[in-house]
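Asks: Residue numbers (my numbering): 104 to 404.
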Amino acid sequence: MIVMEQPSALRLFVVMQGSVVPRIIGKIIGVALLSALILLIDLHLVSLPHVSISAMGVFGIALSLFLGFRNNAAYDRWWEARLLWGAIVGDVRNLARHTKIFGLPDAARENILSETAAFAHLLRGSLRGDDVSRDVRDWVGHEPAAEFASKRNPPDAALRSISARIGETEKDGAAAGFGQMTIAQTLAALGNAQAGCERIATTPLPFVYSLLVRRTTYLYCFLLPFALIESTGWFTPVFAAVVAYVFFGLQAVTNELERPFANVQNGLALNALCRVIDISVAEALGREPPEPLATTNSILS
Numbered sequence: 104m105i106v107m108e109q110p111s112a113l114r115l116f117v118v119m120q121g122s123v124v125p126r127i128i129g130k131i132i133g134v135a136l137l138s139a140l141i142l143l144i145d146l147h148l149v150s151l152p153h154v155s156i157s158a159m160g161v162f163g164i165a166l167s168l169f170l171g172f173r174n175n176a177a178y179d180r181w182w183e184a185r186l187l188w189g190a191i192v193g194d195v196r197n198l199a200r201h202t203k204i205f206g207l208p209d210a211a212r213e214n215i216l217s218e219t220a221a222f223a224h225l226l227r228g229s230l231r232g233d234d235v236s237r238d239v240r241d242w243v244g245h246e247p248a249a250e251f252a253s254k255r256n257p258p259d260a261a262l263r264s265i266s267a268r269i270g271e272t273e274k275d276g277a278a279a280g281f282g283q284m285t286i287a288q289t290l291a292a293l294g295n296a297q298a299g300c301e302r303i304a305t306t307p308l309p310f311v312y313s314l315l316v317r318r319t320t321y322l323y324c325f326l327l328p329f330a331l332i333e334s335t336g337w338f339t340p341v342f343a344a345v346v347a348y349v350f351f352g353l354q355a356v357t358n359e360l361e362r363p364f365a366n367v368q369n370g371l372a373l374n375a376l377c378r379v380i381d382i383s384v385a386e387a388l389g390r391e392p393p394e395p396l397a398t399t400n401s402i403l404s
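1. In this structure, what does DSSP give as the bridge partners for threonine 399?
2. State buried or exposed for threonine 289, treating a residue as buried only when at least 16 other CB atoms are found within 10 Å of its CB.
3. Roughly how many whole angstroms lie between the Cα atoms of aspartate 194 and leucine 293?
4. Within its chain, find whatever has a CB closer than 6 angstroms to the CB of alanine 223; leave out the 5 residues flanking it on each side and keep chain order.
5. Measure from the alpha carbon of isoleucine 402 to the alpha carbon of each residue in Ala220, Asn366, Ala343, Gly189, then state which is nearest.
6. Grouping DSSP H, G and I as helix and E and B as strand, with all else coil, what is alanine 292?
7. Can you tell me where the alpha helix (DSSP H) with valine 124 in it begins and where it stops?
8. Measure the C-alpha to C-alpha separation of valine 316 and lysine 203 and round it to an integer number of angstroms.
9. Please go through the same chain and pick out, in chain order, the residues whose beta-carbon is closer than 7 angstroms to the beta-carbon of valine 235, but skip the five residues on each side of it.
10. According to DSSP, is lysine 203 part of a helix, a strand, or is it coil?
11. Of all the options Val134, Met104, Ala139, which has the alpha carbon lying nearest to the alpha carbon of alanine 122?
12. Relative to the C-alpha of cysteine 300, which candidate in Arg212, Ile144, Ser157, Leu373 has its C-alpha closest?
13. Take arginine 173 and list the residues in its own chain whose beta-carbon comes closer than 6 angstroms to its own, dropping the five residues that flank it on each side.
14. Do you know offhand how far threonine 405's Cα is from arginine 302's?
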């Protein structure tokens, strides 16, 4: 995730950090060259048919609506993912308080909270494909970490282990009745947040929207020079390139936002969120907490 102050007006046009230009520059140049070729053919070889500016305006409005719908849907996915991880952070802190309020034994409390921190890292690994084995081992040790990793759904395995430990505390006479129910509800909230994250990760935006928008964008950029030649002349490649930057840029932004857990510049900072959980759990257990993650070149991973 990019964390930086808004650039000044002058720097705005040259800053590349977080920009989609490097990914779409080839398409922009291609549209500009195509426009120049069409212009040269029209001026020096054969008069080409011209398209009405009004017709292209209507076409552009329709394309903008498609792009706007897809961009809003992608941002909704990104924001929902952030809300779910915010809920996970809050539920972990609630669990730490509940285990203290309802008087769980220190050993049981340490095991439960350690596995809860491991759950967060396992969920990050499941969503992003990162190797989180070291982080998990730091919290629960080698054998439990290997046991979780051997399961089809490692974060769910961690939640099951926590559930078993909570059940054992009732047998020992701790956290019975209302206390156990409260802790179980917090654990259920963690499970619901995990399911919500998995739903976003495994259910992309319908492919038909992406296909329609991409085809329409290419078609629009191909036809645009035929509408601009008469009114803009030699500036046709420039105007066509600017329009291509807008439309292809929106596509590139949407492609990143619809994958909020991907390890890309505009993805969620899952490493930093897991570090927040590490800090909360360590402090709840009376340990020395780690330092918060810092940005690297304005990127928070």
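Ideal Cβ positions, reconstructed from N, Cα and C, are used throughout, including at glycine.
Since the model is a prediction, treat every value here as computed from it, not as a measurement.
Replies: On the basis of the supplied data:
1. The sequence position of residue 399 within the sequence shown is 296, counting from 1. According to DSSP, which records beta bridges pairwise, threonine 399 is partnered with Ile402.
2. As a first step, residue 289 is located in the sequence shown; it is residue number 186 there, counting from the start. Looking at its Cβ environment, which holds 16 or more other Cβ atoms inside 10 Å, threonine 289 is buried.
3. Mapped onto the sequence shown, residue 194 falls at position 91. Mapped onto the sequence shown, residue 293 falls at position 190. Aspartate 194 and leucine 293 have their C-alpha atoms roughly 7 angstroms apart.
4. For the purposes of this step, residue 223 is taken as the residue at position 120 of the sequence shown. Only residues of its own chain outside the window of five on either side were considered, and among them Cys377, Ile380 have a CB closer than 6 angstroms to the CB of alanine 223, listed in chain order.
5. Taking the sequence shown and counting its residues from 1, one reaches residue 402 at position 299. The shortest Cα separation from isoleucine 402 among Ala220, Asn366, Ala343, Gly189 belongs to Asn366.
6. Residue mapping note: residue 292 aligns to position 189 of the sequence shown, counting from 1. It is helical.
7. Reading the sequence shown from its first residue, position 21 is the one you call residue 124. 124-143 is the span of the alpha helix (DSSP H), which, as asked, contains valine 124.
8. The sequence position of residue 316 within the sequence shown is 213, counting from 1. The sequence position of residue 203 within the sequence shown is 100, counting from 1. So the alpha carbons of these two residues sit roughly 53 angstroms apart.
9. Counting from one through the sequence shown, the residue named residue 235 turns up at place 132. Correct list, in chain order: His224, Leu225, Arg227, Gly228.
10. The count along the sequence shown starts at 1 and reaches residue 203 at position 100. Three-state DSSP puts lysine 203 in a helix.
11. Reading the sequence shown from its first residue, position 19 is the one you call residue 122. Before going further, note that residue 122 is serine rather than alanine in the sequence given. Taking the Cα of serine 122 as reference, the smallest distance to any Cα among Val134, Met104, Ala139 is reached at Met104.
12. Numbered from its first residue, the sequence shown carries residue 300 at position 197. Ranking the options by Cα distance to cysteine 300, first place goes to Leu373.
13. Residue 173 sits at position 70 when you count from the first residue of the sequence shown. Here the set comprises Tyr312, Val316, Thr357.
14. Since the first residue of the chain shown is 104 and the last is 404, residue 405 is not available in this structure.
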